[in-house]
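Trainee:
Number of protein chains: 2
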Amino acid sequence: MVHVKELSIETRLRDCGLRPTRQRIALADLLFAKGDRHLTVEELHEEAVDAGVPVSLATVYNTLHQFTEAGLVRVLAVEGSRTYFDTNISDHHHFFVEGDNEVLDIPVSSIEIGNLPEPPEGMEIAHVDVIIRLRAKKNR
Amino acid sequence: MVHVKELSIETRLRDCGLRPTRQRIALADLLFAKGDRHLTVEELHEEAVDAGVPVSLATVYNTLHQFTEAGLVRVLAVEGSRTYFDTNISDHHHFFVEGDNEVLDIPVSSIEIGNLPEPPEGMEIAHVDVIIRLRAKKNR
DNA sequence: CTTAGTGCAAAACATTTGCAAATGT
DNA sequence: ACATTTGCAAATGTTTTGCACTAAG
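Protein chains in written order, with numbering that gives the first Met the number 0: chain G, 0 to 139; chain H, 0 to 139.
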């Protein structure tokens, strides 16, 4: 049924030098089928298990790191304890809802950053992350 | 000798509802004496021990969290594993040197952010973090 | 004295790793 | 068949917690 999609994901994995194993295909499906997502390892693992793909937690960790190296996903540093992975690798920024620990995309076009400072000698800019931290507005 | 400074730190702590204990004073001294700093718990602990204040790691954790709640320091989310604490609580941004895991301040004045998107319904902006990730420039 | 703070060791998490068994090519 | 990948369980690294002991007011 979802065979067309799986084929293309298999190709993508192969292009990255990753063997398209059952687990990797299933994880990639979950990651990319539903559009842009922000997930912890734990969340993805649970989704996979719920979807009937009993992959181990260690494999989810390993797979997400492989995907990161392959440039399929990106690591998000928003909160100390858990690592978030972002399936949207295009240039964009994030809302982070404190308390809920929820991450939302901000289209890059909607933010203008000017006057970026010169990086120190011998350094170049790898990436600019903007995180807008949100809290519930207290209604009084 | 450094008594004037210690007195004022004692007052600051007291104002935050924190008893100025030996350990807290020593840690606050290390944090604030040398200007703006970006430290992990481990680093601060080592500094304290080196300075002849044999505080325990757990106390450094507890103290930094208390300082954070009191608004004396700020948590920096730059890198997944370790938590950085920033002694500069004014509005500013950061360079993060990947590989070195080093954090550098960027004066806020030098970056202009325009077109900030509207926060979702019922939310307000708590803080805007800009992290410019740097990598060593490859000289070719 | 009384209460809050500290240190230690153990617990709790998140993440990584080693190795035998399973899978992909 | 052969190399890679997986799963498990154990190891690691970081942070938190429980509780007896110590220090501050």
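Backbone N, C-alpha and C fix where the C-beta goes; we use that ideal spot for every residue, glycine too.
Run through the DSSP bridge pairs and tell me what G51 (chain H) is partnered with.
Mentor: Note: G51 (chain H) sits in no beta bridge, so no partner.
Trainee: At the level of alpha carbons, what is the spacing between H2 (chain H) and A27 (chain H)?
Mentor: The pLDDT assigned to H2 (chain H) is 47, lower than 50, so where the model puts this residue is not dependable; a value taken from the coordinates is nonetheless given after this. For H2 (chain H) and A27 (chain H), the distance between alpha carbons rounds to 13 Å.
Trainee: Measuring only between beta-carbons, confirm whether A50 (chain H) sits less than 7 Å from chain G.
Mentor: no
Trainee: Mind reading off the beta-carbon distance from I131 (chain G) to F94 (chain G)? Whole number of angstroms is fine, and I expect it under 8 Å.
Mentor: 5 Å
Trainee: Taking contact to mean 3 or more Cβ pairs, one atom from each stretch, closer than 8 Å, check whether the stretch 96–112 of chain H and the stretch 114–121 of chain G are in contact.
Mentor: yes
Trainee: May I ask which residues mark the beginning and end of the beta strand (DSSP E) holding E160 (chain H)?
Mentor: Look at the range of chain H in this structure, 0 to 139, and you will see that residue 160 (chain H) is not part of it.
Trainee: How many angstroms separate the CA atom of F31 (chain G) from the CA atom of L133 (chain H)?
Mentor: Their Cα atoms are separated by approximately 28 Å.
Trainee: Could you check where the beta strand (DSSP E) with R134 (chain H) kicks off and where it finishes?
Mentor: 122–135
Trainee: Count the other CB atoms, across all protein chains shown, that sit within 10 Å of the CB of H37 (chain H); report buried if there are 16 or more and exposed otherwise.
Mentor: buried
Trainee: Can you tell me whether I24 (chain G) is buried or exposed? The criterion is at least 16 other CB atoms within 10 Å of its CB, across all chains shown.
Mentor: buried
Trainee: With 16 other CB atoms within 10 Å as the buried threshold, where does T10 (chain G) fall?
Mentor: exposed
Trainee: Helix, strand or coil for V1 (chain G) per DSSP?
Mentor: Low local confidence applies: a pLDDT of 45 at V1 (chain G) is under 50, so the model's placement there is unreliable, with the coordinate-based value given in what follows. Of the three classes helix, strand and coil, the one that applies to V1 (chain G) here is coil, per DSSP.
Trainee: Below 7 Å between beta carbons: does that hold for A76 (chain H) and E78 (chain G)?
Mentor: Contact flag set, yes.
Trainee: 7 Å is my cut-off, CB to CB: does G121 (chain H) come that close to chain G?
Mentor: yes
Trainee: Under DSSP, the beta strand (DSSP E) around I105 (chain G) begins and ends at which residues?
Mentor: 101–106
Trainee: Alpha carbon to alpha carbon, how far is E68 (chain G) from S7 (chain H)?
Mentor: Near 49 Å, if we compare the C-alpha coordinates of S7 (chain H) and E68 (chain G).
Trainee: If you measure between the beta carbons of R81 (chain G) and T39 (chain G), is that distance less than 7 Å?
Mentor: yes
Trainee: How far does the beta strand (DSSP E) with R21 (chain G) in it reach, from first residue to last?
Mentor: Premise fails: R21 (chain G) lies in the alpha helix (DSSP H), 21–32, not in any beta strand (DSSP E).
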